[in-house]
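Here the sequence shown is numbered in full-length UniProt numbering, starting from 1 and rising by one per residue. Cβ atoms here follow ideal geometry from the backbone N, Cα and C, with glycine treated the same way. Heads up, the thing below is written out as structure tokens.
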Amino acid sequence: MTVADIETATTGTAWALCPSCDRMIYRKRYERAHRVCPECDGHGMLTAAQRIALLLDPDSAQPIATADTVTGACPERGAAAPEVTALPAAIGCVRGTVGGTPIVLAVMDFRSRGGSSGRAVGAAVTAAAAAALADRAPLVVVTASGGERRQEGIAALLQTAEASRALRRLDAAGVPTISVITDPTDGGIVASFATSTDIIVAEPGARLGFTGPRAIQQTAGQTLPAGVQTAESLLAHGIVDMICHRTSLRIRLARLVEAADRPPRRAAPGDVAAVGTDPAAPTAREPWDRVRAARRRDRPTGLDYFTTVFDDFVELHGDRMSADCPALIAGTARLDGLPVVVLGTRKGHTGPELTARNYGMLTPAGHRKAVRIMRLAAKLGRPVVALVDTAGAHPGIEAEEQAQAVAIAESLDLLAELPVPVVAVITGDADSGRTLALALADRVLVCGNASYSVISPQECATIRWKASAAAPKVAAGLRVDAVALLELGIADAIVPEPEGGADRDPVAAAALLQRALRQAVHELRDLPTADLITQRHSRFRGDSPNRTENMATDE
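Right, dumping it as structure tokens:
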């Protein structure tokens, strides 16, 4: 929608052309739908005032004083000063509430010279960030920009650095930040407050790009493929966390800011019967039988548990670099009222889903996504819960070219010093060093029919004896089952499963896992950070009193 369309939207004309599909639409219906086309679902532009009314609770907006947002008139238009002063503000900043939670909201207005951002925009975002810091309230920035104000020269470029510094101060203070990308969002702010927030939400079809298609054509001689800078493409390439329809945006924001802002409810006291810590207690079962049970297709995955064990799960996507690994599911949730960050691998239950999820094998982008989400947990002071069921390292050329070893190392480095409790649960079949990249935790729990090893028994048998039929013997030698892992001190406790396994009664399995996680998180969350990290280091140095040598043998 053009500026003229916006300015004439409230005139007496009963019909208008949709800016997305060019169909005739009834204007009043279009306005009632917050300028979403009933024919093509195209999201038209909204003014800053309309955005504020859409997102905030009624009558909660309180303006924040900022500098004049229309500055630096183009020299050749010096005689048009009255017109310049009549332009709408390039950005509106207010305090308010969404779903009852206080936030600070900064909304850009594309009517102000096509959303061009200059010194005043940077100053306004900085003022909004300062208000969020003072209130310790989440900062939400809604972007709509055509690039820097060239009339201001280099000063326009420097405003992006000013805004970036303001957001970094919020990072240091643990104040959440969210950006909402609307169409279009171009230019320097894409490298600043549009994409440097904790969570990036985009409207359907919103365009986001640092360099425009015409500039790419003129400078690089390349034609930008259609749709490459749209929200849908950016979600697939790991740049944005989610796409949210305008009609659901207020509800989604309310969930995001409530989870980040509400004081955590005390977790229920630990249930001593929730886990098993006696290796002699579980019913005797051959290790290979447990390995086979861990691989059954109907066994609950991480995503299954996220929607049954936890409340208010909101999935976050992408590594903010190049991709969104389909094998790693991550997001925010609540465990018995306590805000947590969750990570989980997902293999899938059917052949097509197994293929789509890469058989639960994380790509380098998956580990980078995990690192990003764990850093968010550290900023917000939330415990991390990781549910692990993976077939091991992705054996592909692309993974090596994308430095999968470096991605794993970065995850291990972060987990070693993460200043929040970390609980890892081996829920299925976990092989290779990729597992450790999610399971370097303060508490490692293993489900009764799960397995955990440096290598799969079949692969080891093939390498050692050139015959996968020796896998049962290898499984016993590697001591991969839950009982052996508890004896070795690798696992802290066993999470019991329903009779016949978790896949026989997923509801009961989820209830058992919830009790175990509640106990583990309750035991850890009151520990001082220094003690938490010291104990984690001691645990992985092998100082656990239950730790014994792995008696794997070639016999």
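Residue pairing from DSSP places Pro-102 in a beta bridge opposite Thr-97.
The DSSP-derived three-state label of Ser-196 is coil. Per DSSP, the beta-bridge partners of Trp-15 are Tyr-26. Between Ala-482 and Ala-491, the C-beta spacing is below 8 Å. When the five nearest sequence neighbours on each side are left out, the beta carbons in the same chain lying within less than 8 Å of the beta carbon of Ser-164 are those of Ser-192, Phe-193, Ser-196, in order along the chain. Burial is judged here by how many other beta carbons sit within 10 angstroms of a residue's own beta carbon; Pro-225 has fewer than 16 and is exposed.
In the displayed model, Val-420 falls within coil according to three-state DSSP, outside both helix and strand. If you look at Leu-303, you'll find it in the alpha helix (DSSP H) that goes 302 to 306. Residue pairing by DSSP places Leu-445 opposite Val-425, Ala-493 in a beta bridge.
The criterion of a C-beta distance shorter than 8 Å is satisfied by Ala-377 and Val-384. Looking at the backbone, the Cα of Thr-97 and that of Leu-256 are separated by about 13 Å. Within the same chain, and ignoring the five residues on either side of Arg-320 in sequence, the residues whose Cβ sits closer than 7 Å to its Cβ are Gly-238, Ile-239, Arg-372. Taking 8 Å as the cut-off, the Cβ atoms of Arg-27 and Ala-16 count as close.
The residue among Gly-205, Leu-440, Val-480, Ala-403 with its C-alpha nearest the C-alpha of Arg-541 is Leu-440. With respect to the C-alpha of Asp-171, the residue from Asp-198, Val-190, His-367 having the closest C-alpha is Asp-198. Assignment of beta-bridge partners to Gln-514 by DSSP yields no partner. Pairing Pro-339 with Thr-211, the inter-Cα distance amounts to about 38 Å.
Measuring C-alpha to C-alpha distances from Tyr-305 to each of Leu-335, Asp-289, Pro-287, Arg-214 identifies Leu-335 as the nearest. Under the three-state reduction of DSSP, Gln-217 is assigned to helix. DSSP, read as helix, strand or coil, puts Ser-322 in coil. Judged by their CB atoms, Ala-127 and Leu-139 are not nearer to each other than the 8 Å cut-off.
Bounds of the alpha helix (DSSP H) holding Arg-375 are 364 to 380. Asp-389 sits away from Val-291, with the two beta carbons spaced by 8 Å or more.
When secondary structure is reduced to three states using DSSP, Leu-440 falls in the coil class, being assigned neither helix nor strand. Under DSSP, the beta-bridge partners assigned to Met-242 are Val-201.
In this structure, DSSP gives Pro-184 an extended state, which the three-state scheme calls strand.
Secondary structure at His-349: coil, using DSSP grouped into helix, strand and coil.
According to the DSSP assignment, Ser-233 belongs to the alpha helix (DSSP H) that extends over 231 to 236.
Where Thr-223 is concerned, there is no enclosing alpha helix (DSSP H), because DSSP gives it neither an H nor an E. Rounded to whole angstroms, Gly-351 and Ala-327 show a C-alpha spacing of 14 Å. Of all C-beta pairs linking the region 390 to 404 to the region 248 to 255, fewer than three are shorter than 8 Å, placing the two stretches out of contact. Contact between Arg-295 and Pro-421 is absent: CB atoms are separated by about 30 Å, not below the 8 Å threshold. Within the same chain, Tyr-26, Arg-27, Lys-28 come within 8 Å of Ala-14 by CB-CB distance, once the 5 residues on both sides are set aside. Per DSSP, Gly-477 is one residue of the alpha helix (DSSP H) stretching across 471 to 478. When the Cα atoms are used, Pro-38 and Glu-31 turn out to be separated by approximately 11 Å.
If you check the CB distance, Ala-461 and Ser-468 come in under 8 Å.
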